[in-house]
Amino acid sequence: MATKYQNLSQYNAEIMPDKEVVASQHYAIAVADWNPQITHAMLRGAVETLEEVGVEPENIQVIHVPGTFELTYAAKQLLNIEKYDGIIVIGCVIQGDTPHFDYVCESVTHGITELNLRNNGCPVVFGVLTTNTLQQALDRADGKHGNKGVEAATTAVKMANIVW
19 MATKYQNLSQ YNAEIMPDKE VVASQHYAIA VADWNPQITH AMLRGAVETL EEVGVEPENI
79 QVIHVPGTFE LTYAAKQLLN IEKYDGIIVI GCVIQGDTPH FDYVCESVTH GITELNLRNN
139 GCPVVFGVLT TNTLQQALDR ADGKHGNKGV EAATTAVKMA NIVW
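So the mapping is simple: our numbering equals the position in the sequence shown, first residue as 1, plus 18.
Printed below as a string of structure tokens:
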């Protein structure tokens, strides 16, 4: 994850899977439209990264959901299609004055973890920012700490191509 101490948005193309392999793969991205200045920047980073590593643009499916809480349901529906080699969820929850932040973050984290434990072969990658401030989110959505969408896409391709 991108922090003030480490920016993982730069990937080493030499350790990515072969572009010929990746070209035939399919990826889905579920993006929350809440906090769009954050999530849509992350979405752009994810799509651009998938294309840079060799995924054909027509093999990238993007669906929009209202908020971060809905990402788990969207990922579950995408898994049910059994078409994708990797699924990325992109969202942003910024701490407020109520416990809503805690409920949403915990729910989505557990939901995505559960999907990964129960599905058979398609990684669901957690690209959700959980920050204390808007500025922290901006810094991680194509700001001074990189782009979490780039990291999520890189992770999705690497996880989809794990050889056992």
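Each residue gets a CB set at the ideal place from its N, CA and C atoms; glycine is no exception.
- With 16 or more other Cβ atoms inside 10 Å of its own Cβ, His163 counts as buried.
- Annotated three-state conformation of Gly139 is coil, per DSSP.
- Annotation: Asn179 to Gln113 spans about 35 Å, alpha carbon to alpha carbon.
- Closest in alpha carbon position to Asn53, among Ala171, Ala174 and Gln153, is Gln153.
- In the structure shown, His58 falls within a helical segment according to DSSP collapsed to helix, strand and coil.
- DSSP places Ile112 within a strand segment (E or B) once states are collapsed to three.
- For the pair Ala170 and Ile106, the CB atoms are nearer than the 8 Å cut-off.
- The residue among Leu156, Ile33, Glu132 and Ser42 with its C-alpha nearest the C-alpha of Leu89 is Glu132.
- The bridge partners DSSP lists for Ala46 are Gln79 and Ile105.
- C-alpha of Thr86 to C-alpha of Thr57: approximately 10 Å in a straight line.
- Going by DSSP, Asp157 is part of the alpha helix (DSSP H) stretching over Leu152 to Asp157.
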